[in-house]
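**Student:**
In this note's numbering, the protein residues as written are 26 to 70.
Shown next, in the form of structure tokens:
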């Protein structure tokens, strides 16, 4: 087992994948996202 440090968190995302016959389907993929704050929406604007 390896000791690795990650900054951020894992998030499961669905991505479109095209197979060799040209058909498209969705596959799940884990990605690492940063610990950035969520974008804020200014409701007063």
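All C-beta atoms, glycine included, are put in the ideal place defined by N, C-alpha and C.
Apart from the five residues just before and just after residue 46, which ones in its own chain have a Cβ nearer than 8 angstroms to its Cβ?
**Tutor:** For the purposes of this step, residue 46 is taken as the residue at position 21 of the chain shown. Correct list: empty, nothing qualifies.
**Student:** Quick one: what's got a C-beta closer than 6 angstroms to residue 49's C-beta in the same chain, skipping five residues either side?
**Tutor:** Along the chain shown, one-based indexing puts residue 49 at 24. Same-chain partners within the cutoff: 41 and 43.
**Student:** For the putative contact between residue 34 and residue 54, defined by C-beta atoms under 8 angstroms, what is the C-beta separation to the nearest angstrom?
**Tutor:** Locating residue 34 in the chain shown gives position 9, where the first residue counts as 1. Locating residue 54 in the chain shown gives position 29, where the first residue counts as 1. Wrong, their Cβ atoms sit about 15 angstroms apart, outside the cutoff.
**Student:** Check residue 34 in the structure and name its three-state DSSP category.
**Tutor:** Position 9 of the chain shown, counted from the first residue, corresponds to residue 34. It is a strand residue.
**Student:** Which residues bound the beta strand (DSSP E) around residue 52?
**Tutor:** Within the chain shown, residue 52 is the residue found at index 27, counting from 1. That run of the beta strand (DSSP E) goes 49-58.
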